[in-house]
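Residue numbers (the numbering used here), protein chains in the order written: chain A, 111 to 346; chain V, 1216 to 1513.
The beta-carbon is built from N, C-alpha and C at its ideal position, and this holds for glycine as well.
Since the structure comes first, as structure tokens, the remarks are kept for the end.
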Ligand SMILES: Nc1ncnc2c1ncn2[C@@H]1O[C@H](COP(=O)(O)OP(=O)(O)OP(=O)(O)O)[C@@H](O)[C@H]1O
Ligand SMILES: [Mg+2]
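Laid out in structure tokens, this is it:
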């Protein structure tokens, strides 16, 4: 469904990605794990067109997305929850959700989707008129996820959605990811919490300093000795 | 005439001048909010708005009210073109580069004005309907003086509705805080920037028409001083903040009129008032009255 071919990204003189290949099948949860600075965010951001690709291709259902502007990528149904939530602090919760649906003109369906985001995250409904900046970190993360869902995305890319959340909330977020998959979404998940990510992932990629070093079904990587030592804290 | 009525007369004048500053200041503040750019050519856009109106009323057979509407629309389009030509190609460049381009655009517009419109002052064709004296109580006041705040309030209500209730308005507010996340919402950044320039230039042109109706002398450099003072109004209110720009405009207008009225010996320092106010604000609250964070120095 989504194919990333030989992706290279440079920031000035710094090379962040040196040839990444990813394949994401419909209705799968695919995860990308790696240490700080490995290039996980760079991968997602360049797929979205937020940072320029110095080489490589992105194909979505056979269509070339490589040089499409971000707004059109979003318009075709790829949404991203950015690292660090990035909710619009001065806007209310509801206004944040309305902006999530910016590319859509089906008002009735949008109103329904706002309702269903509120059903998924009842806390957001209680705070719908509150400025997003006044929400707690966990609530902001829910809002960031809800806002991305308002795109009505076919593919949802999430950059460290569990970062900085209490264990109970981390569980909630992962439950929601599985729920989304059951509803037919496709998910590309970037996580520091490698164990949880690998547990729910159909397929996983391991990124080290801009290169893929390992890939395979999530369960298989959980058993892999190198992964266990480097990312799961299992002593040899 | 008692003291009260004299005071009321000054009050009205001050509110009226303040409205004009507010209308121009909004353009500065909206553009700054989106691009972090001080659009030095904004005062000259104001000047263009006045001249377009002058030519429309004087040289076409269109009714004046239609010209008063068409000229701001045209000025808005000029604002869009200004951004496309002078700022868009430099997007992503160092701030100082874009700032120099803004100063250049300002000089260009002023000198084009001198070449095309001529340096000789012209008289603004004030419609009969606006140009008569009304007496309220013991006070006699030019009718435009009332019209100016009324038009300003209507426009402010419209602007408030736009920024709080429409999707485009929300997108504008989102964009002013976080470009990248705004584009992740699918917002077309170029479109929002164009709309911002259109609205700022439109309001400046309306301000220009009202200005011309009140002070009916037109010159190609007439945008400089009102432009500068309105910029100060925007800074005093907290640049980037629309409410702040309006408050700053009123403080400046009222202050200036009251200074001349009650300290006539200082009336020669009329223009200095704005600068003194600017210095005080920068010392006491550099982010401006409504600004929440300290803005970067330009
Ligand atoms: N805007 C930028 N300018 C310069 N270098 C950057 C920029 N963004 C990222 N980098 C560099 O690119 C490399 C990859 O960064 P990236 O943010 O993709 O890593 P990451 O895997 O998401 O890390 P983390 O887990 O800390 O979020 C790092 O070396 C980083 O310093
Ligand atoms: Mg990252």
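Residue 1376 (chain V): buried (16+ other C-beta within 10 angstroms of its C-beta) or exposed?
-> exposed
What is the residue span of the beta strand (DSSP E) that residue 269 (chain A) lies within?
-> 265–269
Quick one: list the residues of chain A neighbouring residue 1251 (chain V), beta-carbon separation under 9 Å, in chain order.
-> Correct list: empty, because the minimum Cβ distance to chain A is about 16 Å.
Specify which residues have a beta carbon nearer than 7 Å to any heavy atom of ligand 2, listing them in chain order.
-> A:150, A:151, A:193, A:269, A:270 and A:300
Note down the Cα distance separating residue 251 (chain A) from residue 1396 (chain V), rounded to an integer number of angstroms.
-> 14 Å
Would you tell me roughly how many angstroms separate the C-alpha atoms of residue 1287 (chain V) and residue 1305 (chain V), rounded to the nearest one?
-> 26 Å
Can you give the beta carbon distance from residue 314 (chain A) to residue 308 (chain A), rounded, assuming they're within the 8 Å contact cut?
-> 6 Å
The alpha helix (DSSP H) with residue 165 (chain A) in it runs from where to where?
-> Element bounds for residue 165 (chain A): not the alpha helix (DSSP H) but the beta strand (DSSP E), 165–170.
What does DSSP give as the partner residues of residue 174 (chain A) in its beta bridges?
-> A:169
Using alpha carbons as the reference points, say which of V:1332, V:1370 and V:1276 lies closest to residue 1263 (chain V).
-> V:1332
8 Å Cβ cut-off: residues of chain D touching residue 1386 (chain V) = Of the chains in the structure shown, none is chain D; the protein chains are A and V.
Cβ of residue 1402 (chain V) within 9 Å of any chain A Cβ = yes
Do residue 266 (chain A) and residue 142 (chain A) have their CB atoms nearer than 9 Å?
-> no
Would you say the stretch 157–164 of chain A touches the stretch 235–251 of chain A, given that touching needs at least three Cβ pairs under 8 Å?
-> no
List the residues that DSSP assigns as beta-bridge partners of residue 120 (chain A).
-> A:125
Assuming residue 1237 (chain V) contacts residue 1320 (chain V) (C-beta within less than 8 Å), just tell me the rounded distance between them.
-> In fact, because the Cβ distance is near 23 Å, the residues do not count as touching under 8 Å.
Assuming residue 202 (chain A) and residue 242 (chain A) make a contact with CB atoms under 8 Å, what is their CB distance in whole Å?
-> 7 Å
Which runs of the beta strand (DSSP E) fall wholly inside the stretch 155–241 of chain A and span at least 3 residues, in chain order?
-> 165–170 and 188–191
For the alpha helix (DSSP H) that residue 1378 (chain V) lies in, which residues bound it at each end?
-> 1358–1380
Does any CB atom of chain V fall closer than 9 Å to the CB of residue 223 (chain A)?
-> no
According to the Cβ coordinates, are residue 1358 (chain V) and residue 1370 (chain V) closer than 9 Å?
-> no
Cβ-heavy atom distance between residue 112 (chain A) and ligand 3 below 8 Å?
-> This structure simply doesn't include ligand 3; it includes ligand 1 and ligand 2 instead.
Does DSSP put residue 247 (chain A) in a helix, in a strand, or in coil?
-> helix
Residue-level contact to chain A via CB, residue 1309 (chain V), 9 Å cutoff | no
Does any CB atom of chain A fall closer than 9 Å to the CB of residue 1471 (chain V)?
-> no
Apart from the five residues on each side of it in sequence, which residues of its chain come closer than 7 Å, Cβ to Cβ, to residue 1439 (chain V)?
-> 1258
Beta-carbon proximity of residue 1244 (chain V) to residue 1456 (chain V), cut-off 9 Å = yes
Straight-line CA distance for residue 1270 (chain V) to residue 1431 (chain V)?
-> 14 Å
Under the criterion of a Cβ to heavy atom distance below 8 Å, does residue 317 (chain A) qualify as lining ligand 1?
-> yes
Do we get a CB-CB distance below 9 Å when we pair residue 1399 (chain V) with the residues of chain A?
-> yes
Who pairs with residue 314 (chain A) in a beta bridge, going by DSSP?
-> A:141 and A:326
Distance, Cα to Cα, residue 1228 (chain V) vs residue 1272 (chain V)?
-> 26 Å
Three-state secondary structure (DSSP) at residue 372 (chain A)?
-> Residue 372 (chain A) is absent from the structure shown; chain A starts at 111 and stops at 346.
Of all Cβ atoms in chain V, is any one closer than 9 Å to the Cβ of residue 199 (chain A)?
-> yes
Residue 1351 (chain V), enclosing beta strand (DSSP E) - first and last residue = 1348–1351
Can you name, in chain order, every residue of its own chain whose Cβ lies under 6 Å from the Cβ of residue 220 (chain A), other than the five neighbours on each side?
-> 211 and 214
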